[in-house]
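Q: Residues 213 to 638, numbered by my numbering, are exactly what the sequence shown covers, in order. We put the beta carbon where it would ideally sit given N, CA and C, even for glycine. Before we start, here is the structure in question, set down as structure tokens.
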Amino acid sequence: MLHRIPTDQLGPRGEAMGHAVETCIHCGFCLPTCPTYEVLGDEADSPRGRIMLMKEVLEGKLSPADAAPHIDRCLGCVACQTNCPSGVEYGNLLSSYRSLDQSKTQSLRTFASRLRRQLASWILPYPMRFRFAMRLGKVGRKLSAITPVALRPMIDLVPDSLPKAERVPTDSPAIGPERGRVMLHIGCAAQVLRPDITSAAIRVLNRNGIAVHVPPSQGCCGALHWHIGDAKHAASLAAVNLQAFGNGDEPIITTAAGCGSGLHEYPLIMVGNESKAMRESEVKRFSNRVVDISVYLDEIGIIPPGPIKSTRVAYHDACHLAHAQKVRKPPRKLLQSIPGLELVDVADSDLCCGSAGTYNIDQPEIAAELGKRKAATLLESRCDLVALGNIGCQIQIEQHLQKAGQAIPVLHTIQILDRAYRGTLD
């Protein structure tokens, strides 16, 4: 229990918040793992500091306004959880606190920040809107002199070109004897920015004897909304996916670390939103079916790809794969299964690149610094190619490598594996 406010007065997620606060022993092991503490050097911008701030607000000792700037600057990368000796579930605390505090702190943010958040919430989960917005963004870049200041952090992220949209088949049969069946969550941003990730995933799964079903009624996972405190919108999006994927036994495969982590969080997101048709046990069962594609392929054992020319590959650990889902070895093992591919070490490979959902829109200065640092460490590895497992990281790192004057390809692990199979990894 919190000292002054019983957890049952903190809303449906009060227990999760109370447990996280009580578990923290303030040892400080989280400080060197925190990207914002590394950049800003302020105790209040560390996990330990933020836990104290949230505790003080929840106990009524501190106003939400005083804590808001530091809580807003948190990436939500949960790197702190990896090094925490006490097992503090910081991610559950942060997202739950933000959902509780949303109405109290929204008015404290600048108009520009509120506008960017609202636009991101309205656009990102919907591929058709997102693609249209990207086209408008390209026009905005050409007219930068008259582009509203509030929109410039968003305009700066618009890529020079967009790939053509690719049709995603509802059912793709296994090649050869069928070894299994899966359902594939295709996300939203990837369908606009890198549709080849989905196509590559289907090809690789099929090649390895796996039949793939893509529920046509699925949608955005809701993680972007959940991590900024918009629990109501996140729950509505989660309900769509719970219905779309049903109560079967097939694994639900994800190709984006952020989506996979978000789908795993449905039991917390849906607290207070369950119905007779969507019981708590069913939400947990859904969450337990979710698995990253690298984990699934590693577990079933893949057909070895053919040899490629000697290529040095640096692997970047996406935060919500390495820290939230504890997935590190499977993607590396898949890459190492390709003859001719040399996996090279990267300093601080699991330090956040600064993308973090909408973070590079909300906190563009810190995000840019983290992106710059990540590009520098990757360049130090003298790699020919960068591999990773999250669309947000892919775009962020690609742009910062270009800013550093280096056009090194940045690909999803599954894209690399697919190209190795097809003999097109040049």
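1) Report the three-state DSSP secondary structure of M229 (helix, strand or coil).
2) Assign R391 to one of two classes, buried (16 or more other C-beta atoms within 10 Å of its C-beta) or exposed (fewer than that).
3) Identify, in the order they occur along the chain, each residue of the same chain with its Cβ nearer than 8 Å to the Cβ of R497, setting aside the five sequence neighbours on each side.
4) Tell me which same chain residues have a C-beta within less than 7 Å of the C-beta of V507, skipping the five on either side of it?
5) Is it buried or exposed for M340, if we count other Cβ within 10 angstroms and need 16 for buried?
6) Thinking just about the alpha-carbon of each residue, which of A277, I283, T245 is nearest to the one in A256?
7) Just the Cα atoms here: how many angstroms apart are H639 and C433?
8) Can you tell me which of the three DSSP states E442 falls into?
9) Starting from the Cα of Q455, find the closest Cα among I515, V404, E494 and give me that residue.
10) Quick one: complete beta strand (DSSP E) runs, 3+ long, within the segment 447-489?
11) Pull up the CB-CB distance for A324 and I335, whole angstroms please, since I reckon it's below 8 Å.
12) Whole angstroms is fine: what's the gap from T467's alpha carbon to K273's?
13) Have a look at K586 and G617 and give me their C-alpha separation to the nearest angstrom.
14) Helix, strand or coil for G349 per DSSP?
15) How about the segment 244-263 and the segment 518-530: do they share at least three Cβ pairs that are nearer than 8 Å?
16) With a threshold of 16 other CB atoms inside 10 Å of the CB of K267, please say whether the residue is buried or exposed.
17) Please go through the same chain and pick out, in chain order, the residues whose beta-carbon is closer than 6 Å to the beta-carbon of G349, but skip the five residues on each side of it.
18) Jot down the residue ranges of each uninterrupted alpha helix (DSSP H) in the segment 245-276, minimum 4 residues, whole runs only, in chain order.
19) What residue ranges within the segment 384-411 form continuous beta strand (DSSP E) runs of no fewer than 3 residues, ordered along the chain?
20) Assuming S593 and D557 make a contact with CB atoms under 8 Å, what is their CB distance in whole Å?
21) For V598, which beta-bridge partners are listed by DSSP?
22) Could you say which of P479, T625, D562 lies nearest to D504 if we only look at CA atoms?
23) Per the contact definition of three or more C-beta pairs closer than 8 Å, is the segment 292-311 in contact with the segment 439-451?
24) State the CB to CB distance for the pair G431 and V452, rounded to an integer number of angstroms; the pair is presumed to be in contact (CB under 8 Å).
25) State the beta-bridge partners of A423 as determined by DSSP.
26) I'd like the span of the beta strand (DSSP E) that includes D504, first residue to last.
27) Between which two residues does the beta strand (DSSP E) containing L553 stretch?
28) Among R260, D461, A447, D638, which residue has its Cα nearest to the Cα of G299?
29) How many Å lie between L480 and N304 at the Cα?
30) Is the distance from the Cβ of I578 to the Cβ of I550 below 8 Å?
31) Near Q627, which residues of its chain fall below 7 Å by C-beta distance, leaving aside the five closest residues on each side in sequence?
32) Between M229, C296, L270, which has its C-alpha nearest L243's C-alpha?
33) Considering only residues of the same chain and omitting the five flanking positions on each side of G552, which have a CB-CB separation below 7 Å?
34) What span of residues does the alpha helix (DSSP H) with K541 cover, start to end?
35) State the Cα-Cα distance for the pair T382 and L396, rounded to the nearest angstrom.
36) So what's F344 in DSSP terms, helix, strand or just coil?
A: The relevant details are as follows:
1) helix
2) exposed
3) N459
4) V539, P542
5) exposed
6) I283
7) Past the edges of the chain, shown from 213 to 638, lies residue 639, and the structure says nothing about it.
8) The sequence shown places Asp at residue 442, not Glu. Three-state DSSP puts D442 in coil, outside helix and strand.
9) E494
10) Counting whole runs of 3 or more residues, the segment 447-489 contains the beta strand (DSSP E) stretches 464-466.
11) In fact, because the Cβ distance is near 16 Å, the residues do not count as touching under 8 Å.
12) 43 Å
13) 14 Å
14) helix
15) no
16) Buried, since its Cβ has 16 or more Cβ neighbours within 10 Å.
17) Hits under 6 Å: I367, V370.
18) Entirely contained in the segment 245-276, the alpha helix (DSSP H) runs reaching 4 residues are, in chain order, 247-252, 259-270.
19) Those beta strand (DSSP E) runs which fall completely within the segment 384-411 and span 3+ residues are 392-397.
20) About 7 Å separates the two Cβ atoms, so the contact holds.
21) Paired residue(s): A526, V622.
22) Of the listed residues, the one whose Cα sits closest to D504 is T625.
23) yes
24) 5 Å
25) R393
26) 502-504
27) 553-556
28) Per the Cα distances, R260.
29) 8 Å
30) no
31) D408, I409, A412
32) C296
33) Taken in chain order, the residues that qualify are P519, I520, K521, S522, T523.
34) Looking at the DSSP string, the run of the alpha helix (DSSP H) that includes K541 is 541-548.
35) 10 Å
36) helix
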